[in-house]
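Number of protein chains: 4
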Amino acid sequence: MIEPEFERLYEDMGRNHIQPLWRAESSVMPSEPAPKTIPWIWKWSQLSSLARRSGELVTLSRGGDRRALGLANPGLGGFPYATATLWAAVQWLNGGEVAPAHRHSAQAVRFMIDGEGAYSTVQGDKVYLERGDFAINPPWHWHDHGSEGDGPAIWMDGLDVPLNNYLDAVFFEQGTKDVQEVTRVVDGSVLKYGLGQLRPAWEAPCQEYSPLCTYKWTATEQALNNLAKVSASPFDDVAIEFTNPHTGRPVMNTMTAWVQMLRPGIHTKAHRQVNSAVYHVFEGRGATIIAGVRFDWEQGDIFVIPSWAYHEHVNASKSERAILFSIQDTPVLVALGKYREEALATNGGHQETKEVFDAERTLAHR
Amino acid sequence: MIEPEFERLYEDMGRNHIQPLWRAESSVMPSEPAPKTIPWIWKWSQLSSLARRSGELVTLSRGGDRRALGLANPGLGGFPYATATLWAAVQWLNGGEVAPAHRHSAQAVRFMIDGEGAYSTVQGDKVYLERGDFAINPPWHWHDHGSEGDGPAIWMDGLDVPLNNYLDAVFFEQGTKDVQEVTRVVDGSVLKYGLGQLRPAWEAPCQEYSPLCTYKWTATEQALNNLAKVSASPFDDVAIEFTNPHTGRPVMNTMTAWVQMLRPGIHTKAHRQVNSAVYHVFEGRGATIIAGVRFDWEQGDIFVIPSWAYHEHVNASKSERAILFSIQDTPVLVALGKYREEALATNGGHQETKEVFDAERTLAHR
Amino acid sequence: MIEPEFERLYEDMGRNHIQPLWRAESSVMPSEPAPKTIPWIWKWSQLSSLARRSGELVTLSRGGDRRALGLANPGLGGFPYATATLWAAVQWLNGGEVAPAHRHSAQAVRFMIDGEGAYSTVQGDKVYLERGDFAINPPWHWHDHGSEGDGPAIWMDGLDVPLNNYLDAVFFEQGTKDVQEVTRVVDGSVLKYGLGQLRPAWEAPCQEYSPLCTYKWTATEQALNNLAKVSASPFDDVAIEFTNPHTGRPVMNTMTAWVQMLRPGIHTKAHRQVNSAVYHVFEGRGATIIAGVRFDWEQGDIFVIPSWAYHEHVNASKSERAILFSIQDTPVLVALGKYREEALATNGGHQETKEVFDAERTLAHR
Amino acid sequence: MIEPEFERLYEDMGRNHIQPLWRAESSVMPSEPAPKTIPWIWKWSQLSSLARRSGELVTLSRGGDRRALGLANPGLGGFPYATATLWAAVQWLNGGEVAPAHRHSAQAVRFMIDGEGAYSTVQGDKVYLERGDFAINPPWHWHDHGSEGDGPAIWMDGLDVPLNNYLDAVFFEQGTKDVQEVTRVVDGSVLKYGLGQLRPAWEAPCQEYSPLCTYKWTATEQALNNLAKVSASPFDDVAIEFTNPHTGRPVMNTMTAWVQMLRPGIHTKAHRQVNSAVYHVFEGRGATIIAGVRFDWEQGDIFVIPSWAYHEHVNASKSERAILFSIQDTPVLVALGKYREEALATNGGHQETKEVFDAERTLAHR
């Protein structure tokens with residue numbers, strides 16, 4: 000029981016919008032991260048069906064709209080945020096549609112899941128995108144998208160929307176025209192910068208964002224196959240980070256993107272980092288064990304790894320590769336001096352699997 | 000009224016933790032920042048009285064405790080955070096007391112309000128602190144504080160606790176001894192680095208944090224007086240930023256600190272930035288107009304300027320200077336490519352004052 | 000006639016190793032660069048014949064030797080230096096020979112002119128080299144070369160030997176074994192880093208030197224052809240710089256290397272820079288006009304462009320491309336704050352050709 | 000005896016300006032630096048007398064002239080260069096004289112030996128200079144000097160003239176007026192930036208050169224005395240480097256400057272670096288042992304330490320401090336990846352003194 004003079008003191012503090020640290024220290028400064036972001040998975044069967052139904056029902060009208068299905072981590076109180084810092088969505092464009100031009104201070108990347116004739120025009124620079132292509136959208140750059148094919152174009156969006164909002168740094172502007180004028184050679188950046196170590200000699204390096212607007216899947220796949228011949232990470236197997244070849248840094252200030260190839264039968268060791276990640280299964284079947292819970296995945300699924308949670312990956316097939324794409328907020332942590340990582344030291348580097356993820360049950364526990 | 004097939008679609012989405020962007024775009028991506036952090040002021044009359052009462056009632060026991068009164072911005076839902084990213088507190092140490100050693104991943108600075116014989120030991124480096132001194136506490140550095148005088152030691156703490164928690168990057172550890180061993184010459188960093196442009200020639204520059212543990216008020220005051228003879232900012236008058244002289248960068252990765260001298264009678268012009276700040280009135284009387292609301296202040300008061308709010312400062316005295324200390328999260332915004340600033344273009348650079356701040360009334364409006 | 004007291008003063012100065020600036024200012028500080036390095040060309044007919052004869056006569060014995068024919072710019076007083084800062088040589092290795100392991104503080108690059116089965120092992124990292132391949136040799140890295148084929152291996156060496164000597168920074172050490180042990184996968188760096196924008200995700204970036212040991216001709220040629228489709232420099236046509244993809248900087252601190260494709264019929268505009276360059280004609284026939292003198296070139300030739308000399312390139316063929324490889328000391332000038340460049344403003348950007356280079360006559364003029 | 004076919008080969012090479020590396024390797028790539036710059040000393044008795052006589056005889060006429068006595072290292076073949084990279088001179092200005100405005104690409108610093116009422120105006124920024132003050136002159140900045148006092152103003156000039164010429168990067172321009180218009184507050188940079196860690200908050204950092212035009216002796220002396228209380232180098236005793244507080248880097252790209260206080264009776268340990276230095280004795284009496292030769296010095300003397308020569312300093316007085324100022328080309332070596340240093344491991348870190356320097360005898364040896 001609290002004594003009367005303490006009670007009066009705390010009441011007076013409360014009235015003055017003051018909170019004593021000594022009554023809150025363990026919650027304000029716990030001994031290690033206790034993220035509200037929880038491990039989670041969205042199944043492609045649901046994602047694709049809901050996206051297709053949206054494509055049938057919801058028209059893309061002028062007004063900055065995107066037919067994007069935002070993934071809302073159940074730990075984040077109803078916000079459409081995949082992790083505390085990362086927005087992830089599945090975007091669906093019907094054949095012939097245009098997602099009109101706008102720009103925003105949020106930093107964005109896209110990874111193509113499907114589609115033929117899809118294009119993205121960023122600040123007058125138009126690129127065609129195919130399955131597996133990775134494209135970037137630097138902040139405050141005008142961009143519009145479209146599908147020139149008959150079928151739908153589908154991709155995963157990754158943005159730093161939650162971080163941008165948290166930092167009260169959000170700006171958004173609608174374009175005056177739906178479709179920007181194309182002012183450069185189509186796909187020109189791939190021709191100009193597609194071999195990152197060979198730079199046009201007369202140009203100053205691009206310091207802020209990668210000069211390469213899209214990283215083609217053919218190059219990514221070749222890099223994965225080449226790398227597999229010489230090296231791999233015990234924690235992530237054959238893993239490649241997309242970088243700005245003019246600086247060696249991640250493609251965005253607030254986000255980086257990886258592609259990982261898990262070779263047949265691979266089961267990686269567990270480690271954890273101070274960062275959060277959203278993974279998309281591009282190819283294959285397997286599982287990721289996150290903080291002791293096994294999340295089984297197959298092509299198209301999207302799942303979340305929160306900060307400081309041990310995780311390890313399994314390719315369930317003995318004969319086929321699995322390919323994972325991911326976005327990660329690591330550059331934020333590194334820039335602010337907050338990054339840490341740690342390998343699991345016990346049990347040969349493997350977690351004990353305490354349960355297999357079951358969405359309903361997991362939520363009930365919370 | 001929503002049509003049934005839409006209703007079903009949105010229900011199915013909700014069950015799958017998916018939120019359609021087209022129903023949320025204006026809240027997820029508004030056209031400019033709409034901070035939850037609100038302009039606010041805590042009066043020294045209240046702060047000092049509550050701190051004194053805490054000093055009488057609450058003992059500092061072993062357990063990582065600090066007698067710190069956290070300022071809780073009324074816009075932030077009850078969290079003890081001054082802005083979305085910044086923790087600010089008034090800390091009170093009775094004569095002869097020791098705040099025991101601990102360390103944390105949060106980045107911290109302190110600004111001395113009062114006290115004699117106060118000291119801070121950071122990673123074995125002990126400095127004595129007097130009114131006006133500014134001290135830094137890099138992340139994961141052990142630190143304990145104490146007062147060797149008879150009277151209380153009072154200072155303002157500035158930490159990136161809210162940001163650190165938001166990023167799920169919090170680590171905290173209690174020391175095994177209350178008081179660290181002092182392993183360097185007391186006040187040695189002032190002797191060694193106190194003239195920032197003259198570096199010990201045989202040492203590599205300190206890259207991560209300032210090698211100068213404390214910035215003495217005598218030097219700060221001299222710099223303000225010197226600067227006043229040659230230059231001033233139209234928005235901030237005679238303003239100085241504490242920097243790491245080995246890099247020219249702010250003293251912390253996530254926070255910078257300023258001291259401003261408003262000369263007698265000065266009324267600055269309005270501007271706004273994408274950053275948030277917590278101000279402490281070190282000396283003088285005046286007012287700051289924030290987003291059209293006038294906040295009158297006097298010595299000891301602490302007030303908040305949110306992101307993207309126009310603000311201008313007034314020294315109410317025609318004969319005395321006013322001195323403001325502040326912490327600002329600007330380095331975060333700069334590092335992540337999100338900083339913007341803008342001068343008020345209309346009305347000669349001055350806002351129209353729509354009201355004078357009255358805490359009760361302001362809260363009632365919310 | 001000099002007055003006696005002046006004469007005595009200058010004599011006394013001379014005896015004390017003092018020189019009055021006022022008698023030397025125009026030579027010590029002329030209004031613009033007056034290089035001792037002169038424009039020059041070495042013909043492949045001579046180079047290849049002398050190299051072949053050396054291959055027949057001179058054996059590679061243990062002792063750090065290389066069968067390298069150093070190009071001695073006639074302006075540099077007999078030193079085997081192509082420019083004041085750059086060493087260039089043609090190196091010849093007979094089939095089956097080994098150039099034994101040594102290391103030096105000089106920074107080196109190589110460009111393959113011919114040969115099959117040639118290899119270079121740098122710090123245990125072995126790469127096979129073919130015509131057009133570019134290889135790097137960071138300072139103080141052990142390196143040995145060999146030819147596993149029957150025919151000779153021929154390449155151009157580029158080193159910063161003159162600069163290294165000028166700065167009194169030379170170190171050299173002979174290996175204890177002729178041939179280093181190969182400690183990594185052969186050609187592994189091409190597999191690992193050969194697509195510069197796709198980095199192994201778990202590795203820290205290589206900051207000092209490019210992680211890519213060799214830049215294969217196939218990639219270089221593809222980059223040239225791609226670039227030609229979108230862009231070109233008015234001064235250098237389709238020009239590519241080899242960079243460290245982990246930093247975007249040149250492959251050496253003191254040297255950069257370019258490959259230029261002059262498209263059929265191209266005649267570039269004239270410009271000049273504060274830097275010196277050594278060019279090798281990899282393919283084609285044409286001319287470079289340097290400070291008003293035309294130097295005609297054909298495959299294999301090597302020529303020099305001194306600092307601050309206007310120069311422009313001509314591809315003499317209307318149907319075939321010409322390919323130039325070059326080394327340049329630009330990174331030195333940039334790092335030290337001394338780089339300048341200037342386009343020729345008159346005559347549509349073209350120099351008046353005052354003469355055609357004739358080695359004998361040019362030397363006679365000097 | 001050389002065989003005839005070799006003789007013919009080498010003759011043919013010579014005619015074609017080709018030199019075989021295998022006949023020159025030991026001179027082109029010796030195992031360690033063999034500088035032409037030799038250790039040397041110029042005595043103040045001579046320097047001051049010759050400067051005074053020049054002041055009487057030689058008038059400062061319009062034409063870019065400076066009354067500067069260049070120190071010509073006897074090892075450098077008659078060039079007025081103190082080391083291979085550094086120009087050093089004693090400059091003498093009579094009372095009331097003006098050294099007219101010019102600018103050059105060479106980078107310059109000055110250290111005041113004597114004078115009252117001396118000033119330097121650099122790009123419109125005028126500073127008054129007293130004994131011990133250190134001033135900087137960034138490249139291509141207009142500068143004129145003058146003495147407003149009755150007596151002479153004397154200082155030591157340090158420039159990168161030899162390096163600038165070697166790199167063929169020299170540019171020089173005469174002003175149209177002898178005396179520049181003063182466009183800023185006199186001595187303003189000292190007021191604005193004189194406490195390096197306290198930066199005007201609204202200004203972007205000065206990246207290229209120090210914003211501080213002059214480093215006053217009073218601050219330097221205070222820093223030396225402060226530093227002496229906490230730390231010292233075993234090789235250089237109490238040594239301070241002048242830096243740009245906005246970057247932590249040396250004040251010039253090609254040169255740094257130090258002030259060292261040798262405390263009474265100090266005898267430092269020997270080490271050597273890949274760099275060259277020119278020392279001026281500001282106060283005191285002592286000796287420096289360079290590569291085994293003892294150079295005794297007293298106030299005003301100037302001496303040279305070449306690259307890779309072991310050196311150690313002795314303060315001959317048991318009661319008085321000695322103060323040494325120096326310029327060093329270290330930033331060049333660091334920027335180009337060529338810096339090394341090494342402590343003498345034998346004999347307790349002290350060289351054996353093989354001889355005492357005697358100018359006549361030393362020259363006779365060469």
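Residue numbers (numbering that gives the first Met the number 0), protein chains in the order written: chain A, 0 to 365; chain B, 0 to 365; chain C, 0 to 365; chain D, 0 to 365.
The beta carbon of each residue, even a glycine, is placed where N, CA and C say it ideally should be.
Please say whether residue j and residue i have beta carbons closer to each other than 7 angstroms?
i, j, result
"C/A88", "C/A67", "yes"
"B/P79", "A/A269", "no"
"D/K42", "D/D300", "yes"
"D/E282", "D/I322", "yes"
"C/E368", "C/W257", "This structure cannot settle anything about residue 368 of chain C, because the visible part of chain C is limited to 0 through 365."
"D/M260", "D/R183", "no"
"A/D177", "A/V126", "no"
"B/V273", "B/S306", "yes"
"C/P233", "C/K317", "no"
"D/R65", "C/L70", "no"
"D/W91", "D/G131", "no"
"A/P38", "A/I289", "yes"
"C/V277", "C/I135", "no"
State buried or exposed for residue i, treating a residue as buried only when at least 16 other CB atoms are found within 10 Å of its CB.
i, result
"C/S325", "buried"
"A/T58", "exposed"
"A/G62", "Low per-residue confidence applies at A/G62: pLDDT is 45, beneath 50, and the placement is therefore not dependable, though the value from the model is reported in the following sentence. The residue is exposed, with fewer than 16 neighbouring Cβ atoms inside 10 Å."
"A/L56", "exposed"
"A/D378", "As shown, chain A starts at 0 and ends at 365. That puts residue 378 of chain A outside it, with no answer to give."
"D/Q352", "Strictly speaking, residue 352 of chain D in this sequence is Thr, with Gln absent from that position. The residue in question, D/T352, is exposed, as its Cβ has fewer than 16 Cβ neighbours within 10 Å."
"B/V355", "exposed"
"B/G74", "buried"
"A/P161", "buried"
"C/N346", "exposed"
With respect to 6 angstroms, is the separation between the Cβ of residue i and the closest non-hydrogen atom of the ligand FAD below this value?
i, result
"C/I37", "Within the structure as shown, the ligand FAD is missing, as the structure has no ligands at all."
Quick one: measure Cβ to Cβ for residue i and residue j, integer angstroms, because I've assumed they're closer than 8 angstroms.
i, j, result
"C/C205", "C/N252", "The Cβ separation is near 13 angstroms, so there is no contact."
"D/W201", "B/A238", "6 angstroms"
"D/Q179", "D/M254", "Actually they do not touch by this definition, with Cβ atoms about 23 angstroms apart."
"C/L197", "A/T267", "That pair is no contact at about 20 angstroms."
"A/T329", "C/T246", "Contact flag wrong, Cβ pair sits at about 19 angstroms."
"A/R271", "A/H310", "7 angstroms"
"A/N93", "A/P151", "5 angstroms"
For residue i, write down the residues that DSSP places opposite it in a beta bridge.
i, result
"B/P249", "B/T242"
"D/N314", "D/G285"
>> Closer than 8 angstroms is the cut-off here; do at least three beta carbon pairs connect the region 101 to 119 of chain A with the region 162 to 180 of chain A?
In response: yes
> Hey, is the region 188 to 202 of chain C in contact with the region 211 to 230 of chain C, meaning 3+ C-beta pairs nearer than 8 angstroms?
Replying inline: yes
>> Tell me whether the region 115 to 134 of chain A and the region 146 to 155 of chain A touch, counting them as touching only if at least three CB pairs, one residue from each stretch, are closer than 8 angstroms.
In response: yes
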